[in-house]
Structure formats: structure tokens, C-alpha cells
Amino acid sequence: MARALDGFFMALGFLASLAHGSSWPLLFLVFGDMTNTFVSYNATANFTLNGTSPADEFEDTMSDYSLRYVYIGIGVYVVTYIHIAFLQLSGERQTYRLRKMFFKALLRQNIGWYDSQQSGELTTRLAE
Numbered sequence: 032m033a034r035a036l037d038g039f040f041m042a043l044g045f046l047a048s049l050a051h052g053s054s055w056p057l058l059f060l061v062f063g064d065m066t067n068t069f070v071s072y073n074a075t076a077n078f079t080l081n082g083t084s085p086a087d088e089f090e091d092t093m094s095d096y097s098l099r100y101v102y103i104g105i106g107v108y109v110v111t112y113i114h115i116a117f118l119q120l121s122g123e124r125q126t127y128r129l130r131k132m133f134f135k136a137l138l139r140q141n142i143g144w145y146d147s148q149q150s151g152e153l154t155t156r157l158a159e
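Numbering-wise (our numbering), the sequence shown opens with residue 32 and increments by one.
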């Protein structure tokens with residue numbers, strides 16, 4: 032019962048969920064680079080090159096990695112919001128349309144059909 036707009040919302044939500052899922056490999060790549068920096072700093076901690084100490088360079092590099100984590104976190108927040116919002120919007124629109132069709136079908140029934148149904152069953156079906 033999905034319309035074209037609902038299909039667009041679902042496609043956008045699924046693409047955002049793929050972007051959300053790709054955040055873990057990105058985090059692993061940044062973490063791997065950061066680990067390599069730790070190892071190389073440990074190997075060169077006693078040397079000074081071109082007037083800069085390895086500690087200053089190490090701190091600058093770690094600041095860059097921290098910013099990468101922040102940017103990835105902001106990106107994950109945005110794509111997660113898009114993912115949830117558009118899939119929920121599409122689901123609500125489709126549910127509304129199905130309930131409306133069901134209610135119209137109920138109104139087209141013969142009067143005797145209502146006598147054969149139990150009390151409250153129709154409202155329960157509409158609410159489900």
C-alpha cells in the first residue's frame with residue numbers, strides 16, 4: 032500500500048541506515064591510525080626533529096583524531112535521525128491509509144454482518 036512518496040521516504044531511510052552502519056568501519060579506521068600513532072610515538076619519543084618535539088606533534092595528531100571522532104559522531108547523529116524519522120513517517124502514513132481503507136470497508140457491510148460480530152471486536156481491529 033505504499034505510494035510513491037512513501038517509497039521515497041523508505042529509500043531515504045534505508046540509505047541513511049546504510050550510512051549509519053558504515054560509521055563503525057570508519058571508527059575502526061580512525062582507531063587503527065590512532066594506534067599506529069601511539070606506536071610510532073613510543074619509538075621516537077627521545078628524538079627532536081626540526082625544532083619540534085615528538086610530544087607536540089603527538090598532541091596535534093591526537094587532537095586531529097579527536098576531531099575526526101567528533102565529526103563521525105555528528106554524522107552518525109544526523110543519519111540516525113534521518114533513518115528513524117523517514118521510516119517512521121512512511122510507516123505512519125501507510126498505517127493511516129490501511130486503517131482508512133478498513134473503516135470504509137466496514138461501512139460498506141450489510142447491517143446483519145454487524146450483528147454477527149462481537150462487541151468491541153471492530154474497534155480492536157481498527158486500533159491494531
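Backbone N, C-alpha and C fix where the C-beta goes; we use that ideal spot for every residue, glycine too.
Query                                                                                                                                                                                 : Result
For T154, I'd like the list of residues in its chain whose CB is within less than 8 Å of its CB, leaving aside the five on either flank, ordered along the chain.                     : none
Flag this pair as yes or no: are the beta carbons of L43 and F89 separated by less than 8 Å?                                                                                          : no
Does DSSP put R34 in a helix, in a strand, or in coil?                                                                                                                                : coil
My output table needs one value for R124: the three-state DSSP class, helix, strand or coil.                                                                                          : helix
Assign L47 to buried or exposed, taking buried as 16 or more other Cβ atoms, counted over all protein chains shown, within 10 Å of its Cβ.                                            : In the sequence as displayed, the identity of residue 47 is Ala instead of Leu. Result: buried.
Going by C-alpha to C-alpha distance, which of Y100, Q140 and F39 sits closest to M65?                                                                                                : Y100
Please work out which residues of its chain come closer than 7 Å, Cβ to Cβ, to L137, disregarding the five sequence neighbours upstream and downstream, and give them in chain order. : L153
How many whole angstroms separate the CB atoms of L49 and I103, which I take to be in contact at a CB cut-off of 8 Å?                                                                 : With 8 Å as the limit, L49 and I103 do not qualify as a contact, their Cβ atoms being about 15 Å apart.
Please report the residue range of the alpha helix (DSSP H) in which E152 lies.                                                                                                       : E152 to A158
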